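First to last, the protein sequences are chains A and B.
Reading the first sequence from the start, the letters are residues 3 to 116 in our numbering.
Reading the second sequence from the start, the letters are residues 27 to 143 in our numbering.
All C-beta atoms, glycine included, are put in the ideal place defined by N, C-alpha and C.
From a predicted model like this one, the values you see are computed outputs, not experimental measurements.
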Amino acid sequence: DTGVSQDPRHKITKRGQNVTFRCDPISEHNRLYWYRQTLGQGPEFLTYFQNEAQLEKSRLLSDRFSAERPKGSFSTLEIQRTEQGDSAMYLCASSSGLTNEKLFFGSGTQLSVL
Amino acid sequence: AQTVTQSQPEMSVQEAETVTLSCTYDTSESDYYLFWYKQPPSRQMILVIRQEAYKQQNATENRFSVNFQKAAKSFSLKISDSQLGDAAMYFCAYFPDPSFGNEKLTFGTGTRLTIIP
């Protein structure tokens, strides 16, 4: 197992386009988190899943954002009608049921909206 | 809501010397977890050290140790024998006790650490 995997590493898109990111957590980790990080800031929580159930969504997650984890394994984060303010690093993390507080992070997807 | 404050945007230290990064937090809970994460230029978040609030003993991991002052809500990170590879952004983070729900990491704004050769 090589850790949390995110795809793509970089995404450049034009304003108004839709984008989708994928996260593959560490095997058998039942918790999966999405965070957003802008330059010079700490990561901000977006949402998290316990298996396939989405347990909490941040107010940062506008109606244009949707996240899924249909089979309790990988997750996707979709942003519709992207805006320049969506430009950020999107980080995924996972944790196991035994130590929910220990989050392991992926390398992130850097989104640039032109 | 919990908040995490890192008041030092940037710090620098001579190679092989010791440096301390500061962090304070605000919570009304008695049980929780505190973390330091390192984010090098690759932007991968790497867990450095973890402290459980119910443990009085300060956590240590090789050259990294913490000074946890629960009453003062202070959680500083000490890096001994600083190495060039320690250069990174360091984030302090808070995770509540699971019994309270709201189970997510809250991060500070980070401290950029520069190592001077």
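The C-beta separation of A/Gln-56 from A/Arg-66 comes to about 16 Å, leaving the pair out of contact by the 8 Å criterion.
In the three-state reduction of the DSSP assignment, B/Pro-122 falls in the strand class, which pools E and B. With respect to B/Gln-40, B/Ile-105 sits apart: the two C-beta atoms are not nearer than 7 Å.
When rounded, the separation of the alpha-carbon atoms in B/Glu-36 and A/Lys-73 is 42 Å. Ranked by how close their Cα comes to the Cα of B/Ile-72, the residues B/Glu-129, B/Asp-123, B/Pro-124 and B/Ala-113 have B/Ala-113 in first place.
Judged by DSSP secondary structure, A/His-12 falls within the beta strand (DSSP E) whose first and last residues are 12 to 15.
Put simply, the stretch 89 to 104 of chain B touches the stretch 42 to 53 of chain B. At least three CB pairs are less than 8 Å apart. Contact between A/Ala-95 and A/Val-6 is confirmed by a C-beta separation of about 6 Å, below the 8 Å threshold. Among the CB atoms of chain A, none fall inside 7 Å of the CB of B/Glu-87. Taking C-beta atoms as the reference points, A/Leu-48 and A/Arg-38 count as a pair closer than 7 Å. Around the C-beta of A/Arg-61, fewer than 16 other C-beta atoms lie within 10 Å, and the residue is accordingly described as exposed.
When C-alpha distances from A/Glu-103 are compared across B/Met-115, B/Ala-79 and B/Arg-69, the shortest belongs to B/Ala-79.
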